[in-house]
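FYI, in the working numbering the residues of the sequence shown are 69 to 681. No residue lacks a Cβ here, since even glycine has one placed at the ideal position from N, Cα and C. As structure tokens, the structure follows; a few thoughts come after it.
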Amino acid sequence: MISSPFTFLGLNYLWSKEVRAVVSAHWMWAVISVRDAHNAFKQGTISDISLALRRQIKHSNLLHIVHHTVESKLFFFCLTALFCFLAAIVGPASALLLLPSTAWLPAGSTHINLNGSSDQLWPQHLEERHAGPQSCDTGDEYFCLQGGWTIMDGFVTPSGSSDRETYVNEGGASRAMWVWRQDDTWATTLHGATASIASRLHQDHERAWQFATGRRRRLRDAVNSGVFVRVSAPVPFARVLCGPIKPVNDTSPTLLFPILHPQESWREEADVGRLEEANVNGSFTSLVNAKWMKLPAKFGTSTAGLAFVTKVQDRVAGCGCSVDARWATGEYLLQGQTTNWQAFLGKNQLPSALKFFSDQKEAFSETTIQKNVGQPISADAEWLARLSTQNNKTAPVIRTALEHLLVSTRLWDMQWVLEDQFTPIKELEAIIALYFVNAISRIGWYPQTNPGKEGVNPSLVDESVVDDKLLHQNIRVGNISHDIATQTATIEWFTYATGWQLNDSALYISVTILALHTLIVVVHIIVLFWTRSSFKAWASISDLLALAYLSSPSVGALENCGPGIKLKETLLQKFKIIPVASSVGGNVQQVQLVSSSASTSNMGSIGVNQEYI
Numbered sequence: 069m070i071s072s073p074f075t076f077l078g079l080n081y082l083w084s085k086e087v088r089a090v091v092s093a094h095w096m097w098a099v100i101s102v103r104d105a106h107n108a109f110k111q112g113t114i115s116d117i118s119l120a121l122r123r124q125i126k127h128s129n130l131l132h133i134v135h136h137t138v139e140s141k142l143f144f145f146c147l148t149a150l151f152c153f154l155a156a157i158v159g160p161a162s163a164l165l166l167l168p169s170t171a172w173l174p175a176g177s178t179h180i181n182l183n184g185s186s187d188q189l190w191p192q193h194l195e196e197r198h199a200g201p202q203s204c205d206t207g208d209e210y211f212c213l214q215g216g217w218t219i220m221d222g223f224v225t226p227s228g229s230s231d232r233e234t235y236v237n238e239g240g241a242s243r244a245m246w247v248w249r250q251d252d253t254w255a256t257t258l259h260g261a262t263a264s265i266a267s268r269l270h271q272d273h274e275r276a277w278q279f280a281t282g283r284r285r286r287l288r289d290a291v292n293s294g295v296f297v298r299v300s301a302p303v304p305f306a307r308v309l310c311g312p313i314k315p316v317n318d319t320s321p322t323l324l325f326p327i328l329h330p331q332e333s334w335r336e337e338a339d340v341g342r343l344e345e346a347n348v349n350g351s352f353t354s355l356v357n358a359k360w361m362k363l364p365a366k367f368g369t370s371t372a373g374l375a376f377v378t379k380v381q382d383r384v385a386g387c388g389c390s391v392d393a394r395w396a397t398g399e400y401l402l403q404g405q406t407t408n409w410q411a412f413l414g415k416n417q418l419p420s421a422l423k424f425f426s427d428q429k430e431a432f433s434e435t436t437i438q439k440n441v442g443q444p445i446s447a448d449a450e451w452l453a454r455l456s457t458q459n460n461k462t463a464p465v466i467r468t469a470l471e472h473l474l475v476s477t478r479l480w481d482m483q484w485v486l487e488d489q490f491t492p493i494k495e496l497e498a499i500i501a502l503y504f505v506n507a508i509s510r511i512g513w514y515p516q517t518n519p520g521k522e523g524v525n526p527s528l529v530d531e532s533v534v535d536d537k538l539l540h541q542n543i544r545v546g547n548i549s550h551d552i553a554t555q556t557a558t559i560e561w562f563t564y565a566t567g568w569q570l571n572d573s574a575l576y577i578s579v580t581i582l583a584l585h586t587l588i589v590v591v592h593i594i595v596l597f598w599t600r601s602s603f604k605a606w607a608s609i610s611d612l613l614a615l616a617y618l619s620s621p622s623v624g625a626l627e628n629c630g631p632g633i634k635l636k637e638t639l640l641q642k643f644k645i646i647p648v649a650s651s652v653g654g655n656v657q658q659v660q661l662v663s664s665s666a667s668t669s670n671m672g673s674i675g676v677n678q679e680y681i
């Protein structure tokens with residue numbers, strides 16, 4: 069029964085005469101060896117042979133007869149149907165596994181090592197020591213807080229911050245700065261030090277393909293449609309809200325500052341949250357004036373405050389802005405064939421085919437933002453003062469880097485800022501958010517640089533690439549000293565190529581089918597070896613007479629007897645089983661079923677589809 073369905077590779081075996089004979093029979097015939105059949109069969113009628121055969125099976129250690137009941141017939145039919153179905157689909161299942169699939173395949177991973185403690189790289193309280201080396205007091209190197217403002221200058225236009233995204237390419241990495249300008253304005257970018265080392269490792273990874281061996285060489289030579297690089301590291305995040313712009317004095321003006329909640333949005337469409345007045349000391353006599361300040365605790369979860377005042381002739385207007393900066397859980401992604409790194413909050417799965425992730429467009433109160441941003445960062449006055457360094461002391465009008473950005477906009481257009489109470493504020497928030505997130509993204513960058521030279525600190529990366537180890541998983545790079553505190557981030561590479569892997573439910577089903585098919589074959593072989601017997605499945609008496617026909621006796625042969633039987637009376641004749649010499653040799657025995665009826669010679673041949681008495 070087990071072997072028969074695999075001979076007929078299709079469900080048509082279910083309506084064959086063999087299955088019908090077993091289901092309609094009174095007895096369920098078990099499998100018996102040819103040797104046992106020879107010992108059981110004696111000269112007599114077919115009924116005598118059947119009785120002797122049943123007795124032999126009953127006393128055999130191999131199998132036994134089971135009386136046919138409705139339950140047993142149903143079990144037999146269902147089991148046969150299962151094996152028929154399995155046999156019918158095992159071929160297509162194996163063919164399906166041979167089809168290659170195009171998917172994202174892992175192409176290496178390692179750890180990014182950064183010099184410094186967690187407080188030096190991603191501090192929760194900003195102090196003057198986080199502002200960079202002494203040279204940053206007057207300079208604008210990329211590892212300083214005010215670095216990159218000249219690149220951001222192209223982002224700001226006379227009509228305001230026209231784009232949602234800008235790219236800062238310095239320190240060996242091109243990273244995106246993204247700003248969300250609906251409801252609460254927030255901005256993100258990559259931590260500069262982490263992105264710089266990740267970019268260097270990615271260049272080394274590209275060179276490592278030249279030394280690829282084995283499976284990695286096949287990945288290299290495959291049809292590569294894109295790359296996907298993922299770095300798990302903290303993401304700088306800054307939310308900025310500004311109060312309404314109103315006429316003020318140019319000396320010690322009183323401005324309205326938003327009171328921010330750590331989880332809730334302050335602005336939802338036209339509705340705004342609470343405001344609180346604050347007096348700002350100083351004189352604001354330039355075209356645009358920006359002053360960083362530390363806000364009292366009553367202003368909520370604010371990292372810093374910014375007083376913005378513009379003066380045109382004798383007209384003065386201004387507003388207060390609250391900044392809420394955080395470190396968020398996220399990833400840096402390099403997608404497709406681009407060279408620009410992007411920051412995303414949360415953990416991301418691999419892309420679906422080549423459909424890469426687009427910039428996140430969620431309000432501050434959305435779950436994606438709230439579950440990934442950390443606690444608000446605090447800052448002291450000394451660190452905030454380092455944000456106000458003058459960019460050009462020899463210019464006719466000395467301005468800070470932020471003021472230089474603001475003067476390039478329409479925010480000094482007095483009529484516009486006083487009449488439109490929405491657009492000017494949103495553009496001011498976008499510029500401040502980008503400037504602040506750019507500043508905190510540069511914290512901890514200087515220890516990762518090569519002193520006196522350009523590039524990454526040589527202790528953090530390998531000097532040269534001479535093998536393909538970066539294509540392997542969880543390898544070590546650099547020569548880190550145990551005497552220096554270090555932090556780590558994880559970088560992973562994936563390539564979109566054609567290969568064989570279990571990445572689809574259909575493939576898992578195919579493997580299950582092949583495993584079940586193999587299990588049946590293995591069990592069958594074990595039984596054969598354990599019993600030291602070969603088996604023949606006889607589903608009906610026609611198979612028994614077919615043995616007589618196939619044995620081809622030289623005398624008294626019954627021709628074509630199997631398919632010609634239509635009535636039970638046809639079986640009322642005497643037969644005997646006789647042993648014959650085997651042409652194979654050894655211990656193999658063969659038998660023949662020979663008619664011993666005296667009238668056999670006068671019966672003639674049994675015809676197909678004819679009835680006999």
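N525 versus Q271: straight-line alpha-carbon distance, rounded: Sequence index remark: in the sequence shown, residue 525 carries index 457 (1-based). Sequence index remark: in the sequence shown, residue 271 carries index 203 (1-based). The straight-line gap from Cα to Cα measures roughly 15 Å.
Three-state class that DSSP yields for K521 in the structure shown: Sequence index remark: in the sequence shown, residue 521 carries index 453 (1-based). Three-state DSSP puts K521 in coil, outside helix and strand.
Presumed contact (8 Å Cβ cut-off) between V303 and A411, rounded CB distance: For the purposes of this step, residue 303 is taken as the residue at position 235 of the sequence shown. For the purposes of this step, residue 411 is taken as the residue at position 343 of the sequence shown. At roughly 5 Å, the Cβ-Cβ gap stays under 8 Å, so V303 and A411 are in contact.
Rounded distance between the beta-carbons of R394 and G442, thought under 8 Å: Translated into positions along the sequence shown, residue 442 becomes position 374. Translated into positions along the sequence shown, residue 394 becomes position 326. So it is a contact: roughly 5 Å between Cβ atoms.
DSSP three-state assignment for L401, whether helix, strand or coil: Along the sequence shown, one-based indexing puts residue 401 at 333. DSSP places L401 in strand when its eight states are reduced to three.
Assigned exposure category for P492 - 16 Cβ within 10 Å defines buried: Position 424 of the sequence shown, counted from the start, is the residue given in the question as residue 492. Burial call: buried.
Three CB pairs or more closer than 8 Å across the segment 333-341 and the segment 286-295: no
Coarse secondary structure for A156, derived from DSSP in three states: Along the sequence shown, read from residue 1 onward, the residue named residue 156 stands at position 88. Note: A156 maps to helix in three-state DSSP.
Three-way DSSP call (helix, strand, coil) for F145 in this model: In the sequence shown, residue 145 corresponds to position 77, counting from 1. Note: F145 maps to helix in three-state DSSP.
Local conformation of G215 per DSSP, three classes: On the sequence shown, residue 215 is found 147 positions in, with the first residue counted as 1. In the structure shown, G215 sits in coil (DSSP, three-state: anything other than H, G, I, E or B).
Where the alpha helix (DSSP H) through L343 begins and ends: On the sequence shown, position 275 is the one that residue 343 refers to. Where L343 is concerned, there is no enclosing alpha helix (DSSP H), although the beta strand (DSSP E) it sits in stretches over L343 to N347.
Supposed close pair L194, S446 - CB separation, criterion 8 Å: In the sequence shown, residue 194 corresponds to position 126, counting from 1. In the sequence shown, residue 446 corresponds to position 378, counting from 1. Correct: roughly 7 Å between the Cβ atoms.
Proximity below 9 Å, CB of R544 to CB of H179: In the sequence shown, the residue the question calls residue 544 occupies position 476. In the sequence shown, the residue the question calls residue 179 occupies position 111. In contact: R544 and H179 (Cβ atoms closer than 9 Å).
Neighbour-count burial assignment, D536, 16 or more Cβ in a 10 Å radius: Taking the first residue of the sequence shown as 1, we reach residue 536 at position 468. Buried is the call here.
Those runs of the beta strand (DSSP E) which lie wholly inside the segment 240-318 and span at least 3 residues: 241-248, 253-256 and 295-310
Classification of R342 by the beta-carbon crowding that lies within 10 angstroms, buried from 16 upward: On the sequence shown, residue 342 is found 274 positions in, with the first residue counted as 1. Flag for R342 reads exposed.
Proximity of V485 and T322 at Cβ, strictly below 9 Å: Here residue 485 refers to the residue found at position 417 when the sequence shown is read from its first residue. Here residue 322 refers to the residue found at position 254 when the sequence shown is read from its first residue. Cβ distance not < 9 Å, so V485 and T322 don't count as in contact.
Element boundaries [alpha helix (DSSP H), containing H179]: If you number the sequence shown from 1, residue 179 lands on position 111. Looking at the DSSP string, H179 is not in any alpha helix (DSSP H); the run it does join, the beta strand (DSSP E), is S169 to N183.
Candidates E487, M245 and G398, of which the one nearest N440 by Cα: Stepping through the sequence shown from its first residue, residue 440 is reached at position 372. Among E487, M245 and G398, the Cα nearest to that of N440 is on G398.
Host beta strand (DSSP E) of F412 (start-end): Walking along the sequence shown from the start, residue 412 turns up at place 344. Counting along the chain, the beta strand (DSSP E) containing F412 begins and ends at N408 to L413.
Residues sharing a beta bridge with G200, DSSP: Indexing the sequence shown from 1 puts residue 200 at position 132. Its beta-bridge partners do not exist; DSSP assigns none.
Candidates T234, S267, D318 and K314: closest to V299 by CA position: Locating residue 299 in the sequence shown gives position 231, counting from the first residue. Residue S267 is the option with its Cα nearest to V299.
Residue range of the beta strand (DSSP E) that includes E238: Translated into positions along the sequence shown, residue 238 becomes position 170. Looking at the DSSP string, the run of the beta strand (DSSP E) that includes E238 is E233 to E238.
Sequence-distant residues of the same chain with beta carbon closer than 7 Å to Q438, five excluded per side: As a first step, residue 438 is located in the sequence shown; it is residue number 370 there, counting from the start. Here the set comprises Q331.
Cutoff 8 Å; reference R383; Cβ partners in own chain excluding five residues on either side: Taking the first residue of the sequence shown as 1, we reach residue 383 at position 315. Only P315 and M482 meet the Cβ criterion.
Close beta carbons around A161, own chain, < 7 Å, minus the five adjacent residues each side: Residue numbering aside, residue 161 sits at position 93 when the sequence shown is read from its first letter. Within the same chain, A161 has close Cβ partners S578, I581 and L582.
C389 classed as buried or exposed, judged by whether at least 16 other C-beta atoms fall within 10 angstroms: Sequence index remark: in the sequence shown, residue 389 carries index 321 (1-based). When all chains shown are included, C389 counts as buried.
Endpoints, the alpha helix (DSSP H) within which W484 is located: Here residue 484 refers to the residue found at position 416 of the sequence shown. Start and end: M482 to E487.
Proximal residues to A501 (C-beta, below 6 Å), its chain only, five neighbours per side dropped: Mapped onto the sequence shown, residue 501 falls at position 433. Cβ neighbours of A501 beyond the five flanking positions: V247, T253, A255, A306 and V308.
Residues near G216 by beta carbon distance below 7 Å, same chain, minus five either side: Mapped onto the sequence shown, residue 216 falls at position 148. Around G216: Y210, V236, E238 and N506.
A372 vs T468 beta-carbon contact at 9 Å: By one-based count along the sequence shown, residue 372 stands at place 304. By one-based count along the sequence shown, residue 468 stands at place 400. No, these two residues do not count as a Cβ contact at 9 Å.
The beta strand (DSSP E) enclosing V589, as first and last residue numbers: Along the sequence shown, read from residue 1 onward, the residue named residue 589 stands at position 521. Premise fails: V589 lies in the alpha helix (DSSP H), S573 to T599, not in any beta strand (DSSP E).
Exposure of A396, with buried meaning 16 or more beta-carbon neighbours within 10 Å: Walking along the sequence shown from the start, residue 396 turns up at place 328. Buried, by the Cβ-count rule.
K359, enclosing beta strand (DSSP E) - first and last residue: To locate residue 359, count along the sequence shown from 1; it is residue 291. V356 to M361 is the span of the beta strand (DSSP E), which, as asked, contains K359.
Straight-line gap, C204 to A276 (C-alpha atoms, nearest Å): Within the sequence shown, the letter at position 136 stands for residue 204. Within the sequence shown, the letter at position 208 stands for residue 276. If I take the Cα positions, the gap works out to 36 Å.
Straight-line gap, A453 to F296 (C-alpha atoms, nearest Å): Locating residue 453 in the sequence shown gives position 385, where the first residue counts as 1. Locating residue 296 in the sequence shown gives position 228, where the first residue counts as 1. About 40 Å.
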